[in-house]
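Student: Okay, here's the structure, questions in a sec.
Protein chains: 2
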Amino acid sequence: LPLPEKSLIAGIRSQARRRGAVVLGIGDDCAILKALAGQEMLVTTDLCLEGVHFRREWHAAEVVGRRCLTRGLSDVAAMGGKPMAAFLSLALPAKLSQRWVDGFLSGFLGLADEFDTRLAGGDLAESRQGVVADVVVIGTAPKGKAIRRSGARAGDRIYVSGEVGGATAALELLFSGRRVRTKDWPRHFHPIPRVGVGEWLLKHGVATAMIDTSDGLSTDLAHICEESGVGAEIDAEMIPRAVAGRSTVDLRLALHGGEDYELLFTARGGKRVPDEIGGVRITEIGRMVKGAGVYVVDGGRRRRIRAGGWQHFKGRS
Amino acid sequence: LPLPEKSLIAGIRSQARRRGAVVLGIGDDCAILKALAGQEMLVTTDLCLEGVHFRREWHAAEVVGRRCLTRGLSDVAAMGGKPMAAFLSLALPAKLSQRWVDGFLSGFLGLADEFDTRLAGGDLAESRQGVVADVVVIGTAPKGKAIRRSGARAGDRIYVSGEVGGATAALELLFSGRRVRTKDWPRHFHPIPRVGVGEWLLKHGVATAMIDTSDGLSTDLAHICEESGVGAEIDAEMIPRAVAGRSTVDLRLALHGGEDYELLFTARGGKRVPDEIGGVRITEIGRMVKGAGVYVVDGGRRRRIRAGGWQHFKGRS
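Chains G and U, in that order, give the protein sequences.
Here our numbering runs 284 ahead of the position in the first sequence, where the first position is 1.
Here our numbering runs 284 ahead of the position in the second sequence, where the first position is 1.
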């Protein structure tokens, strides 16, 4: 076996004895997962490409591994689900160092361990150019209870976990060529999928609709509006903007910056929503309204905002 | 939305009304699948890269789409499972034509339809170089009944479905630069995953171990030997070699050629195994023996063969 394949298989085998719903994790044509009684299966798949989703000169191998898995765990969190297993398909350039592969797996498996998710399989191929990772995460939710994007209605309040804008602020600094200290920008270099928050919201029947802020607040809120058939109005002053060092990110980044992996959800008007869930701050930022579109109220003025979809590195490099 | 994304979503939506175990197929953070009572879930993931697994100058878009999905369906077949849903992650070069994307999806969805498998989600990104497809197939098997590679024991008979060597014979012709007529080489250009054969073998409790011949008879039989802790002996004359035009492929290709996607399985010595299952020929080619390794008996001589693992296009182009 070539070295990367050895690492990958060793990584999978290192988790093979862990208890859980993975009946068979490696060594056959398919992995076998338990189908848990009264549960539905959640499946999400995310492509991560070098030059599009990360750059090896900006992101340490561990950071890349962690970020790739974060996307899938966050998708499961956004349904209120519990992640169970992950699958990793990797295409690697022939000249990539063993050290890089080990670092990638270390970041990936470290995050998987944090969220009791087992690497249950994958595929490996040689890439002609750049690292390609496709990550599948499988989770579960009680039958009929997964929190969809489509359940919001006019009058619902809008909430977001944590802070927004920090991940893209770090990215803009990277693009500007300035020195970016990893520890100053945790949402970019060390994102945390809000799995516990999502599970809590499902268990307590609080959220009527939910999505994660992978594309940015404006775009992701527009998705809830479209799928629910309503509009939204948010208060600029209430948005919890990320703080890095002594500065707070500007409104543009808080509204349109992606990859924060916070949870954006709605709850009925009378429902009590705590200020904090599992140590994560929850902030009310607006309300769902009749009609369509996303509006921002800023200094007494109400303006419609175009979903300024954050497009990875597209057209910027 | 860019055109490829529109096509992909239209393709997913076109299947959205089909009945089955897919509760929610698009428009949210995850797809939702039913967890069927008494069943386990089978999961397989396969990377297909341009230049490694296919070439656009050799393979029509429809052929590429079909071949990418065949790998996953065949993995589910190799466990005796029933495919349920597929997920498609595609990274496409910006300059790729809409016609190519449509053709790819046509090949992919046509095969999915044939096997009642629903495209339930995926991801899309821009590739800097070449088409990358990662395909996940999810299937089901009755709890504890999936046919693994590890169940063979000495004395079991070895069987293979269909014919072997045809897919790689076509590939060698393509490499030689000669004209290759698509219709003459169906196992290469129009592979058929043996889903019905696998399901039949599971239902009737016939197979003790099974694998699909994606890497080639010698390599795949060696996998059964390793996982089962036994050896194997096959009779060269009994191997069902592929026929194309007026010629039969040579023994080397029949033994080592990959991507035929036939099923290779073992059954207890006394077990009746039919000559044909669902219209597919089943041929007894040898027996499992004590010890280790794969042996071929050819013209009265018995020789050990190295698993001549078929390595895609590696090192050949």
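Cβ atoms here follow ideal geometry from the backbone N, Cα and C, with glycine treated the same way.
Source: prediction; values computed, not measured.
Quick one: what does DSSP say residue 511 (chain G) is sitting in, helix, strand or coil?
Tutor: As a position in the first sequence, residue 511 (chain G) is number 227, starting the count at 1. Residue 511 (chain G): helix per DSSP, three-state reduction.
Student: Are the C-beta atoms of residue 410 (chain U) and some chain G residue less than 8 Å apart?
Tutor: Working through the second sequence from its first residue, we reach residue 410 (chain U) at position 126. By this cut-off, residue 410 (chain U) is an interface position.
Student: Are there 16 or more other CB atoms within 10 angstroms of the CB of residue 487 (chain U), so buried, or fewer, so exposed?
Tutor: Working through the second sequence from its first residue, we reach residue 487 (chain U) at position 203. Its Cβ having fewer than 16 others within 10 Å, residue 487 (chain U) is exposed.
Student: Rounded C-beta distance between residue 425 (chain G) and residue 335 (chain G)? I'm assuming under 8 Å.
Tutor: The residue you call residue 425 (chain G) lines up with position 141 of the first sequence. The residue you call residue 335 (chain G) lines up with position 51 of the first sequence. With 8 Å as the limit, residue 425 (chain G) and residue 335 (chain G) do not qualify as a contact, their Cβ atoms being about 35 Å apart.
Student: Mind checking residue 477 (chain U): buried by the 16 CB within 10 Å criterion, or exposed?
Tutor: Mapped onto the second sequence, residue 477 (chain U) falls at position 193. Per the 10 Å Cβ criterion, buried.
Student: In whole angstroms, give me the CA-to-CA distance for residue 583 (chain U) and residue 491 (chain U).
Tutor: Taking the first residue of the second sequence as 1, we reach residue 583 (chain U) at position 299. Taking the first residue of the second sequence as 1, we reach residue 491 (chain U) at position 207. Going by the C-alpha atoms only, they are around 29 Å apart.
Student: State the beta-bridge partners of residue 332 (chain U) as determined by DSSP.
Tutor: On the second sequence, residue 332 (chain U) is found 48 positions in, with the first residue counted as 1. Paired residues: U:417.
Student: Are the C-beta atoms of residue 550 (chain U) and some chain G residue less than 8 Å apart?
Tutor: Residue 550 (chain U) sits at position 266 when you count from the first residue of the second sequence. Not closer than 8 Å to any Cβ of chain G, the Cβ of residue 550 (chain U) fails to qualify, so no.
Student: Whose Cβ in chain U lies nearer than 8 Å to the Cβ of residue 330 (chain G)?
Tutor: In the first sequence, residue 330 (chain G) corresponds to position 46, counting from 1. In chain order: 373, 407.
Student: Examine chain G for any beta-carbon lying closer than 8 Å to the beta-carbon of residue 432 (chain U), and answer yes or no.
Tutor: Indexing the second sequence from 1 puts residue 432 (chain U) at position 148. At least one chain G Cβ lies under 8 Å of residue 432 (chain U).
Student: Say whether chain U places a C-beta atom closer than 8 Å to the C-beta of residue 314 (chain G).
Tutor: As a first step, residue 314 (chain G) must be located in the first sequence, where it is residue number 30. Yes, residue 314 (chain G) counts as interfacial toward chain U.
Student: Kindly indicate if chain U contains any beta-carbon less than 8 Å away from that of residue 363 (chain G).
Tutor: Against the first sequence, residue 363 (chain G) aligns to sequence position 79. Closer than 8 Å to some Cβ of chain U, the Cβ of residue 363 (chain G) qualifies, so yes.
Student: Determine, using beta carbons only, whether residue 590 (chain G) comes closer than 8 Å to chain U.
Tutor: Residue mapping note: residue 590 (chain G) aligns to position 306 of the first sequence, counting from 1. Not an interface residue.
Student: Taking the beta carbon of residue 407 (chain G) as the centre, do at least 16 other beta carbons fall within 10 Å, making it buried, or is it exposed?
Tutor: Residue mapping note: residue 407 (chain G) aligns to position 123 of the first sequence, counting from 1. Counting Cβ neighbours within 10 Å, residue 407 (chain G) comes out buried, since at least 16 surround it.
Student: With 16 as the cutoff for other CB atoms within 10 Å, does residue 466 (chain G) come out buried or exposed?
Tutor: Translated into positions along the first sequence, residue 466 (chain G) becomes position 182. With fewer than 16 Cβ atoms within 10 Å of its Cβ, residue 466 (chain G) is classed as exposed.
Student: Could you check whether the Cβ of residue 333 (chain G) sits closer than 8 Å to any Cβ belonging to chain U?
Tutor: As a working note, residue 333 (chain G) is residue 49 in the first sequence. Yes, because at least one Cβ of chain U sits closer than 8 Å to the Cβ of residue 333 (chain G).
Student: Tell me, please, which residues DSSP counts as bridged to residue 570 (chain G).
Tutor: What you label residue 570 (chain G) is simply residue 286 of the first sequence in a count that begins at 1. DSSP lists G:442, G:518 as partners of residue 570 (chain G).
Student: Is any beta-carbon of chain G found at less than 8 Å from that of residue 336 (chain U)?
Tutor: Translated into positions along the second sequence, residue 336 (chain U) becomes position 52. Residue 336 (chain U) counts as touching chain G.
Student: With a threshold of 8 Å on Cβ separation, who are the neighbours of residue 322 (chain U) within its own chain once the five nearest residues in sequence on each side are excluded?
Tutor: Taking the first residue of the second sequence as position 1, residue 322 (chain U) is located at position 38. For residue 322 (chain U), where only same-chain residues beyond five positions count, the Cβ hits under 8 Å are 426, 427.
Student: Suppose the cutoff is 6 Å on Cβ atoms and the five residues either side in sequence are ignored; what does the same chain contact list for residue 495 (chain U) look like?
Tutor: In the second sequence, counting from the first residue as 1, residue 495 (chain U) sits at position 211. Here the set comprises 362, 433, 504, 507, 508, 548.
Student: How far does the alpha helix (DSSP H) with residue 487 (chain G) in it extend, from its first residue to its last?
Tutor: The sequence position of residue 487 (chain G) within the first sequence is 203, counting from 1. Per DSSP, residue 487 (chain G) belongs to the alpha helix (DSSP H) from 479-487.
Student: Are residue 515 (chain U) and residue 579 (chain U) touching if we call contact CB-CB under 8 Å?
Tutor: What you label residue 515 (chain U) is simply residue 231 of the second sequence in a count that begins at 1. What you label residue 579 (chain U) is simply residue 295 of the second sequence in a count that begins at 1. Taking 8 Å as the Cβ cut-off, residue 515 (chain U) and residue 579 (chain U) qualify as a contacting pair.
Student: Along the region 493-524 of chain G, where does the CB come closer than 9 Å to a CB of chain U? Name the residues.
Tutor: Hits within the stretch, in order: 494, 495, 496, 498, 507, 510, 511.
Student: Looking only at DSSP bridge pairs, what is residue 338 (chain G) linked to?
Tutor: Here residue 338 (chain G) is taken as the residue at index 54 of the first sequence, counted from 1. In DSSP, residue 338 (chain G) forms a bridge with G:334.
Student: Could you check whether the Cβ of residue 413 (chain G) sits closer than 8 Å to any Cβ belonging to chain U?
Tutor: In the first sequence, the residue the question calls residue 413 (chain G) occupies position 129. At least one chain U Cβ lies under 8 Å of residue 413 (chain G).
Student: Measure the CB-CB distance between residue 449 (chain U) and residue 520 (chain U) and report whether it falls below 8 Å.
Tutor: Counted from its first residue, the second sequence places residue 449 (chain U) at position 165. Counted from its first residue, the second sequence places residue 520 (chain U) at position 236. No, Cβ-Cβ distance for residue 449 (chain U) and residue 520 (chain U) is not below 8 Å.
Student: Under 8 Å between the Cβ atoms of residue 324 (chain U) and residue 319 (chain G)?
Tutor: Taking the first residue of the second sequence as 1, we reach residue 324 (chain U) at position 40. Taking the first residue of the first sequence as 1, we reach residue 319 (chain G) at position 35. A contact, by the Cβ cut-off of 8 Å.
Student: Kindly indicate which three-state DSSP category residue 434 (chain G) falls into: helix, strand or coil?
Tutor: As a working mapping, residue 434 (chain G) is identified with position 150 in the first sequence. DSSP places residue 434 (chain G) in helix when its eight states are reduced to three.
Student: Which class does residue 379 (chain G) belong to by DSSP, given the choice of helix, strand or coil?
Tutor: Numbered from its first residue, the first sequence carries residue 379 (chain G) at position 95. Three-state DSSP puts residue 379 (chain G) in coil, outside helix and strand.
Student: Per DSSP, which residues does residue 496 (chain G) bridge with? Please list them.
Tutor: The residue given as residue 496 (chain G) occupies position 212 in the first sequence. According to DSSP, residue 496 (chain G) bridges with G:547.
Student: Is the CB of residue 311 (chain U) under 8 Å away from at least one CB in chain G?
Tutor: By 1-based counting over the second sequence, the position of residue 311 (chain U) is 27. Cβ-Cβ to chain G under 8 Å: yes for residue 311 (chain U).
Student: Under the three-state reduction of DSSP, which class applies to residue 320 (chain U): helix, strand or coil?
Tutor: Residue mapping note: residue 320 (chain U) aligns to position 36 of the second sequence, counting from 1. Coil at residue 320 (chain U), not helix or strand.
Student: Kindly list the residues whose CB is nearer than 7 Å to the CB of residue 338 (chain G), restricted to its own chain and excluding five residues on each side of it in sequence; keep chain order.
Tutor: By 1-based counting over the first sequence, the position of residue 338 (chain G) is 54. Once the five neighbours on either side are set aside, the close Cβ partners of residue 338 (chain G) are 332, 348, 351.
Student: Is it the case that the Cβ atoms of residue 330 (chain U) and residue 356 (chain U) are separated by a distance below 8 Å?
Tutor: Position 46 of the second sequence, counted from the start, is the residue given in the question as residue 330 (chain U). Position 72 of the second sequence, counted from the start, is the residue given in the question as residue 356 (chain U). In this structure, residue 356 (chain U) lies closer than 8 Å to residue 330 (chain U) by Cβ.
Student: Rounded to whole angstroms, what is the Cα-Cα separation between residue 502 (chain U) and residue 518 (chain U)?
Tutor: Numbered from 1 along the second sequence, position 218 holds the residue referred to as residue 502 (chain U). Numbered from 1 along the second sequence, position 234 holds the residue referred to as residue 518 (chain U). Spanning the two alpha carbons is a distance of roughly 10 Å.
Student: Give me, in chain order, the residues of the same chain whose beta-carbon lies closer than 6 Å to that of residue 588 (chain U); leave out the 5 immediate sequence neighbours on both sides.
Tutor: Residue numbering aside, residue 588 (chain U) sits at position 304 when the second sequence is read from its first letter. Excluding positions up to five away in sequence, the list reads 577, 579.
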